[in-house]
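Every position in the sequence shown, counted from 1, becomes a number in the working numbering once 8 is added.
Take a look at the structure set out below.
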Amino acid sequence: MPSAVTLIRSSSLSDAAEYAYAATAPANARLIFLAGSCPLNADGSTAGVGDYAAQAASCIENMTIALREAGATVADVISTRVLVASNRQADLVTAWEVVRDAFGDHDVPSTLMGVTVLGYDDQLVEIEAVAAVVD
């Protein structure tokens, strides 16, 4: 089934950004608001301690499961926010590259933010997402 999400690009804005600048969904779409996806294993322990890329991958895996259980896929995501506990741009880029690769051609609008601390012990990455589907 095709995605309800339409990505909007702008020829007036820089093409250096690795994401669309906006996205829309039709009025009849069901919106799915995901809690921040954390790098937690099934037993509650933190995955990939000390590894930004491993934690981003774990977040993507957990987000994909939550999307599936809500009746959606990554192709239905309309926007993301990627939180990285670091003040180093290189750490943010490391996490972002994992997220970007997971979304592939469905390069949704996204915000990448460095934050002071996240909620779980040893947590370095968290990914928030909103999806839209037409049932």
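The beta-carbon is built from N, C-alpha and C at its ideal position, and this holds for glycine as well.
Look at the stretch 59-126 and you find these whole runs of alpha helix (DSSP H), each 4 residues long or longer: 60-77 and 97-111. In this structure, Phe111 is the residue among Gln131, Leu132 and Phe111 with its C-alpha nearest to the C-alpha of Ser87. The shortest CA-to-CA distance from Ala93 to any of Ala61, Ile73 and Thr81 is the one to Ala61.
Under DSSP, the beta-bridge partners assigned to Ser45 are Ile135. A Cβ-Cβ separation of about 13 Å leaves Leu42 out of contact with Leu91 under the 8 Å criterion.
Non-local beta-carbon contacts of Pro117 in its own chain, meaning distances under 7 Å to residues more than five positions away in sequence, involve Tyr27, Ala28, Tyr29, Ala30, Ala31 and Ser87 in chain order. In the DSSP annotation of this structure, the continuous segment of the beta strand (DSSP E) that includes Leu15 starts and ends at Thr14 to Ile16. Here the stretch 122-136 lies against the stretch 52-61, with 3 or more beta-carbon pairs under 8 Å apart.
Where Thr32 is concerned, the enclosing beta strand (DSSP E) starts and stops at Ala30 to Thr32. Of the residues Arg38, Thr81 and Asp99, the one whose Cα lies closest to the Cα of Asp143 is Arg38. In this structure Val107 does not touch Ala139 by the C-beta definition: roughly 15 Å separates them, more than the 8 Å allowed.
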